[in-house]
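Quick note, the sequence shown lines up with residues 1 to 215 if you use full-length UniProt numbering. Notes for the one structure printed next.
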Amino acid sequence: MGSSPVITPEDVLLSLMNDGTIDSLRLKIINQLKSNEELKNTTIKMAEQSKVLNTPGAEKQTKRELFDALRQELETQVLEKASKSVWELILDNNGLGNEISGTVERVFCRLSGREPPLFPPPADAHNAVASVNANADTSANASASANDKENGKEKGKTKGKATATASNSNEKEKAPKKRRYSEINAQGQGEENQVAAKSDEPPAAVPEESQVLKT
């Protein structure tokens, strides 16, 4: 089984030139350039502001002389504007550019023996991108939900720890405080001093017997 021939861009271009497709496309491009009002107005404005028409004595020159002078002054600028407009037409996927792409693809498939289309239509490509974006959004939402659950668990654990800490703190405050040995010893010494002071006091006077008998 032989391999399929290698088709180059030059092969496709030669086929388009031989069957008259290039001439047809060129005519369509020229007609669209002529109907491009923006390009037309830009060219007229450039001519009105040119040095040729604003030089004293320009009105005495012939049309041919003025045209040649304008071409020398503005040719490069006008061609740049026109070239930009042509490329915009060629790259337009909704107008002439779409027709050019389809024509080139058909010729390439005919020369190489392959079946069109070589690439998926823009609608299919858009749907594929939308599907990828939807899957990405679903994955992101699932990840966010998992993170929220994990954060909820962490918050629950933190809240539980805080509650347990507060409960332990309250229990410690309610429990009787242990007295230090120095406090107990100081209290004991105070009581002993009070007893000793009482023992040093003179005893109460006892009434004499004679006084008792007199009464």
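Just so you know, even glycine gets a beta-carbon here, dropped at the ideal spot from N, CA and C.
Item                                                                                            : Value
Span of the alpha helix (DSSP H) around Arg114                                                  : Counting along the chain, Arg114 falls outside any alpha helix (DSSP H), and DSSP gives it neither H nor E.
Contact check, Ala69 vs Gln61, beta carbons under 9 Å                                           : yes
Distance between Glu48 and Asn31 (C-alpha atoms, nearest Å)                                     : 24 Å
Candidates Leu96, Asn41, Lys34 and Leu111: closest to Pro5 by CA position                       : Leu111
Where Ser15 falls: helix, strand or coil (DSSP)                                                 : helix
Segment contact, 8 Å Cβ cut-off, at least three pairs: the stretch 51-65 with the stretch 28-42 : no
Beta-carbon gap between Leu16 and Val86 smaller than 9 Å                                        : no
Simplified DSSP assignment, three categories, for Asp92                                         : coil
Reference Arg71; option with closest CA among Lys84, Ser50, Glu88 and Ser83                     : Ser50
Assumed close pair Lys28, Leu96 - CB separation to whole angstroms, cut-off 8 Å                 : 6 Å
Ile44 burial status per 10 Å Cβ neighbour count (16 or more: buried)                            : exposed
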